[in-house]
Amino acid sequence: MIGRTFGPRQNVVSSTSRRSASACKVSALAGVALLGLNACSGPTTAPPPGGSVSPAAQDRNAEKRIGMLLPLTGRFAKLGQQMANAAHIAVPDGHGVVLDIRDTDAPGQTAEGVARSALDSGDRVILGPLTAAQTGAVATVTQPAAIPEFAYTSDQAQARPGLWVMGVTVEQQVQRLVEAAVAEGRTSFAAFLPESPLGHALADALTRTCASRGLATPRIAFHERDPAAIAAALKTFADLDARETLARQKKAEQAGSVGAANDPASGGAARGAATGQPDAVNPLGLDAEPASPSAASPSAPSSSATSSTVPSAGASSASASSSAAAPEGASRQDPVFPPPSFDVLLLGDTGLQLAAVIDGMKQAHIDPRQTRILGPGLWAAFVAKLGALQGGWFAAPDPSSRRDFAQRYRSRYGYTPSVLANVAYDTATMAAVLSQTPDGFSRQSLLRPDGFAGADGTFVLRQDGTVARGLAVFEILPHGGMKMSSSAPRRLTQ
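Encoded structure:
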């Protein structure tokens, strides 16, 4: 529990001292002195019953034994091994910190039993396990013993004092996206999400984030998997009928203006040709510069969305990219169609369901060039296919933060690891560093206001078990791919 002390309470060396105190730097851990990090690799399997470390040795190394619970067999074995490799890079061999890696998925083992064995062997901190279910089971062992647990799940529901959820969470992503949208002046949020655990997690995160910022309660709808149902639901969600009525009224008003402008008695035709206003040759005045501030603003493109801008559910990445390449022509086909009532729309689909949502957005006249589209960091894996969502945003760690770690991993193991190896590297480095400080795993050292910096960027541990992360915002390009729209903050607050 966070109110209790996980080691002797003494002062933690400042970040300034760290930079000058250690020549054997393992990773940039903001605000923590490495103090000549001494680390070694311990057993990668559970010791025999009773433990392989004597009681005297346990007392002597109580602050220098790091337990790590990973799936080293079974369906997640490959990922677990990559995370174990990352931890070995963070905690080099031969210098006094024992990295005790144990298999949570071995036949006959349970995560709870493995955790109990780790604590019996003298481990003073637990890194892992991987899944939400295992995290809860391990907590039944670590919480009564006041042993800090840093779980690799992204399920924020598991967070509690003394148990930190270290995966990149939906909450962290939504908070960063809302922050960026508000910064560009957007205030009306909505979400069209799958009827799934991810969809509901996104909805809850958006609702909480808007409330914390004093924004209006977001409009939220959930949809089923059927493409036809998705299209129909989006039309209703975006108030398509009412907007079509407004569009017809505007067109009628515009047609009346054209008639008056072409009245020979008033010299309207000549005036229209001279000014670029609507006339008989150019009934919509399309060659003229936009007259209204909203039309002229690059941040407020036309509200129409046609079949040339959004692929169908079965469209390939090539067709999606090519369809997004003609926004100017698409916007001129329906220049008076009003936008929906929201200026930000959060989506949560991937794969074929996302393609169906994109097609439904076209039919509902939701233009990604006018309504800012937000999505989960999962989009990064297939962003090359998302040109139809040009201008859309998602939040994720800055890849440049992991460059040094990834290079070291490739040099040692011959391939680039999964991004989930980042969090294993970061937590192992943090644990090794703190085990070498006088304060150990005390509340004071864990809840540092300036946090830590690692392969996934800056993170700050909060008292309730949640974690604040510095995420970058990425923008989808018209032909697919992405660019960084807003860099990750280097300093966070609790």
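Numbered continuously in numbering that gives the first Met the number 0, the sequence shown closes out at residue 493.
All residues carry an ideal CB built from backbone N, CA and C; glycine is no exception.
My output table needs one value for residue i: the three-state DSSP class, helix, strand or coil.
i       : result
Arg-371 : strand
Asp-471 : Reading off the sequence shown, one finds Ala at residue 471, where the question assumed Asp. In this structure, Ala-471 counts as strand in the three-state DSSP scheme.
Phe-191 : strand
Met-483 : strand
Phe-336 : coil
Val-497 : Residue 497 lies beyond the range of the chain shown here (0 to 493); nothing can be said about it.
Phe-381 : helix
Arg-490 : coil
Arg-447 : coil
Gly-464 : coil
Thr-235 : helix
Ile-365 : coil
Leu-346 : strand
Leu-388 : helix
Gly-453 : strand
Phe-404 : helix
Leu-129 : coil
Cys-39  : Its pLDDT being 31, under 50, Cys-39 is placed unreliably in this model, and the value from its coordinates should be taken loosely. Note: Cys-39 maps to strand in three-state DSSP.
His-478 : coil
Label residue i either buried or exposed according to how many other C-beta atoms from any shown protein chain fall within 10 Å of its C-beta, with 16 as the threshold for buried.
i       : result
Ser-26  : Legend: pLDDT at Ser-26 = 36, less than 50; position of this residue unreliable, no value from coordinates given.
Thr-415 : exposed
Gln-248 : exposed
Pro-196 : exposed
Phe-458 : buried
Arg-371 : buried
Leu-245 : exposed
Asp-358 : buried
Val-104 : Before going on, a small fix: residue 104 reads as Asp here, not Val. Burial call: buried.
Ala-254 : exposed
Glu-170 : buried
Pro-106 : exposed
Arg-74  : exposed
Ala-363 : buried
Glu-252 : exposed
Lys-384 : buried
Pro-292 : Note that Pro-292 scores 35 on pLDDT, short of 50, meaning its location in the model is unreliable; the coordinates nonetheless yield the value given after this. Pro-292 comes out exposed.
Phe-236 : buried
Ile-475 : buried
Ser-434 : buried
Thr-428 : buried
Glu-223 : exposed
Ser-399 : exposed
Lys-482 : exposed
Ser-315 : At Ser-315, the pLDDT of 36 sits below 50, so the modelled position is not reliable; the number obtained from the coordinates is stated separately. By the neighbour-count rule (16 or more Cβ atoms within 10 Å), Ser-315 is not buried but exposed.
Lys-77  : exposed
Ser-153 : buried
Gly-450 : buried
Arg-401 : buried
Ala-202 : buried
Compute every distance between the C-beta of residue i and the non-hydrogen atoms of the ligand FMN, then say whether any falls below 8 Å.
i      : result
Ile-88 : Ligands are entirely absent from the displayed structure, and the ligand FMN is therefore not among its contents.
Do residue j and residue i count as a contact pair if the criterion is CB distance below 9 Å?
i       : j       : result
Ala-114 : Val-140 : yes
Leu-69  : Leu-129 : yes
Pro-193 : Gln-462 : no
Thr-186 : Asp-366 : no
Phe-188 : Ala-179 : no
Val-472 : Leu-176 : yes
Phe-191 : Leu-351 : no
Leu-538 : Ala-431 : Because the chain spans 0 through 493 in this model, residue 538 falls outside it and cannot be assessed.
Ala-355 : Ala-230 : yes
Pro-166 : Val-422 : Note that residue 166 is Gly in the sequence shown here, rather than Pro. Against a cut-off of 9 Å, the Cβ pair of Val-422 and Gly-166 comes out as a contact.
Gly-390 : Gly-374 : no
Ala-420 : Ala-85  : yes
Gly-469 : Pro-448 : no
Val-164 : Gln-174 : no
Thr-349 : Leu-126 : no
Pro-143 : Val-124 : no
Ala-395 : Gly-376 : yes
Gly-479 : Val-382 : yes
Ser-120 : Arg-64  : yes
Would residue i pass as an interface residue toward chain B - the criterion being a Cβ-Cβ separation below 9 Å?
i       : result
Tyr-414 : Protein chains in the displayed structure number just one, and chain B is not present.
My understanding is that residue i touches residue j, with C-beta atoms under 8 Å, so please give their C-beta distance in whole angstroms.
i       : j       : result
Ala-110 : Ala-131 : That pair is no contact at about 11 Å.
Phe-393 : Ala-454 : Contact doesn't hold; Cβ gap of about 19 Å is too wide.
Arg-218 : Phe-336 : In fact, because the Cβ distance is near 20 Å, the residues do not count as touching under 8 Å.
Where are the beta strand (DSSP E) runs, 3 residues long or more, that stay fully inside the stretch 140-223, in chain order? As for any beta strand (DSSP E) of minimum length 3 sitting wholly inside the stretch 140-223, the runs are 148-150, 162-164, 188-193 and 218-222, ordered along the chain.
Report the start-end ranges of each alpha helix (DSSP H) in the stretch 63-118 that is 4 residues or longer and not cut off at the edges. 76-89, all fully within the stretch 63-118.
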